[in-house]
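Asker: Quick note, the sequence shown lines up with residues 54 to 383 if you use our numbering. Even glycine gets a Cβ: it sits at the ideal position worked out from N, Cα and C. I'd like to ask some things about the structure below.
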Amino acid sequence: MVAHDVVQPTANLTNLLGVIDDRWWVGRVVGQGMKCRMIPSEKNWLLKYHNERSSGHVSRRPRVRVPSADDEGDGISMATQDDERLHIVFNKQARDEAYPDDCVTFRPPNLNKTANPYALAPDVRPLAFVGPCHTGFALTDMMHQALIDYLVMSFPEHVEVLDLDTSQQSPRGGRQRLPTASAADSAASIEDVREIASKEVIDHIYESSRQGKMCILQGCSDSVHRLRKSQLFPIVVHLRLRSQQVLTKLLRSLDDKEMLKQSQSQISFLNRHNAIPGKNCDLVLSKSRLEISCFELASYVDAYLGEATLDMDVDDRLLTRAKPTDVAEL
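Quick look at the structure:
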């Protein structure tokens with residue numbers, strides 16, 4: 054693999070195939086059609102960012118190598134992109150707030166140290182719904198179920214539903230909390246995950262992702278931030294109602310006295326979630342008609358599955374003990 058610059062935009066996800074060491078990974082960027090290459094680890098990015106920030110040389114208009122349709126062999130075309138930030142798998146929201154518009158460019162060396170690959174995040178990310186009200190509220194569950202049923206009908210071979218309520222409850226008796234990982238975690242983070250959540254659930258999600266299937270998570274956290282920093286890194290779909298009047302009208306149409314008693318708390322939840330910026334979620338469904346929301350969701354899932362399930366083109370010598378001369382020839 055020829056050494057070259059890699060800059061990953063925030064909007065895209067990195068699919069990891071292996072780990073060279075604690076500074077360099079092997080993977081590709083979903084959404085750009087890139088072949089498998091060396092990408093900087095989170096630790097590497099933070100170190101490089103702070104070094105450049107302290108010296109006052111943080112890249113503002115980075116040169117980004119993006120493969121084009123005219124590429125042949127190892128040829129890589131050059132492009133310049135503005136206001137892009139390196140995307141790191143964990144805790145995206147916190148870094149976006151701390152480093153809003155900076156970007157760091159890397160030139161990886163020809164490394165000869167390799168390690169066995171491990172799955173840092175599922176190849177196919179699971180999907181989780183948030184809003185418009187608390188998960189477990191009858192109106193919310195009805196809206197979620199309608200969208201889930203449409204996905205199952207549209208992708209019967211590639212989508213499955215996983216109810217986290219039946220696997221493990223949180224200590225307070227609330228919804229399932231997805232496993233989280235810190236920036237310093239590496240291979241050991243996988244074992245941390247198994248201590249926090251049910252081993253069977255985690256194994257099932259990873260196994261399904263390897264088969265090209267997307268798990269739809271039911272009964273998980275209502276917190277967008279908590280979902281974002283979880284080890285599973287789910288696709289967050291936010292169901293957003295335009296105003297509290299729409300919610301009140303829906304509650305009255307159901308003619309459920311118990312739901313009406315909880316209307317104030319649900320309205321408060323609705324207002325808080327409507328204030329969440331759309332960039333913090335992968336997809337925001339705000340249309341008032343169900344068929345439009347179903348179509349938008351199905352289109353997103355179809356595009357994601359088509360990209361995420363592509364075979365990664367990687368030289369086998371990257372994943373085996375190779376001589377320095379062999380690696381230099383890649």
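Please classify D335: is it buried, with 16 or more other beta-carbons within 10 angstroms of its beta-carbon, or exposed?
Answerer: By 1-based counting over the sequence shown, the position of residue 335 is 282. Buried is the call here.
Asker: So, is R76 buried or exposed, given that buried needs 16 or more other C-beta atoms within 10 angstroms?
Answerer: Translated into the one-based positions of the sequence shown, residue 76 becomes position 23. Flag for R76 reads buried.
Asker: Would you kindly check if the distance between the Cβ of N324 and the Cβ of V277 is under 8 Å?
Answerer: As a working mapping, residue 277 is identified with position 224 in the sequence shown. As a working mapping, residue 324 is identified with position 271 in the sequence shown. Taking 8 Å as the Cβ cut-off, V277 and N324 do not qualify as a contacting pair.
Asker: Could you check the C-alpha separation between Q271 and L285 for me, to the nearest Å?
Answerer: The residue you call residue 271 lines up with position 218 of the sequence shown. The residue you call residue 285 lines up with position 232 of the sequence shown. Cα-Cα distance, rounded: 14 Å.
Asker: Report all residues from its chain with a CB closer than 6 Å to the CB of H291; omit the five preceding and five following residues, and keep chain order.
Answerer: On the sequence shown, residue 291 is found 238 positions in, with the first residue counted as 1. Same-chain partners within the cutoff: V183, G184, C334, V337.
Asker: If the criterion is Cβ atoms closer than 8 Å, does the pair V177 and K266 meet it?
Answerer: Translated into positions along the sequence shown, residue 177 becomes position 124. Translated into positions along the sequence shown, residue 266 becomes position 213. Yes, the pair counts as a contact, with Cβ atoms nearer than the cut-off.
Asker: For S94, does the count of other Cβ atoms within 10 angstroms reach 16, so buried, or fall short, so exposed?
Answerer: Position 41 of the sequence shown holds residue 94. Counting Cβ neighbours within 10 Å, S94 comes out buried, since at least 16 surround it.
Asker: Determine the extent of the beta strand (DSSP E) in which V205 is found, giving its start and end residues.
Answerer: If you number the sequence shown from 1, residue 205 lands on position 152. No beta strand (DSSP E) holds V205; the alpha helix (DSSP H) holding it covers 191-207.
Asker: Do you know how far the Cα of H257 is from the Cα of A199?
Answerer: Position 146 of the sequence shown, counted from the first residue, corresponds to residue 199. Position 204 of the sequence shown, counted from the first residue, corresponds to residue 257. Each residue's alpha carbon lies about 24 Å from the other.
Asker: Per DSSP, H291 forms a beta bridge with which residues?
Answerer: Position 238 of the sequence shown, counting from 1, holds the residue named residue 291. V183, V337, per the DSSP bridge assignment.
Asker: By the three-class DSSP mapping on this structure, what secondary structure does I255 have?
Answerer: Taking the sequence shown and counting its residues from 1, one reaches residue 255 at position 202. In this structure, I255 counts as helix in the three-state DSSP scheme.
Asker: Using DSSP's beta-bridge definition, name the partner residues of I269.
Answerer: Here residue 269 refers to the residue found at position 216 when the sequence shown is read from its first residue. According to DSSP, I269 bridges with L180, V214.
Asker: Report the three-state DSSP secondary structure of S283 (helix, strand or coil).
Answerer: Mapped onto the sequence shown, residue 283 falls at position 230. It is a strand residue.
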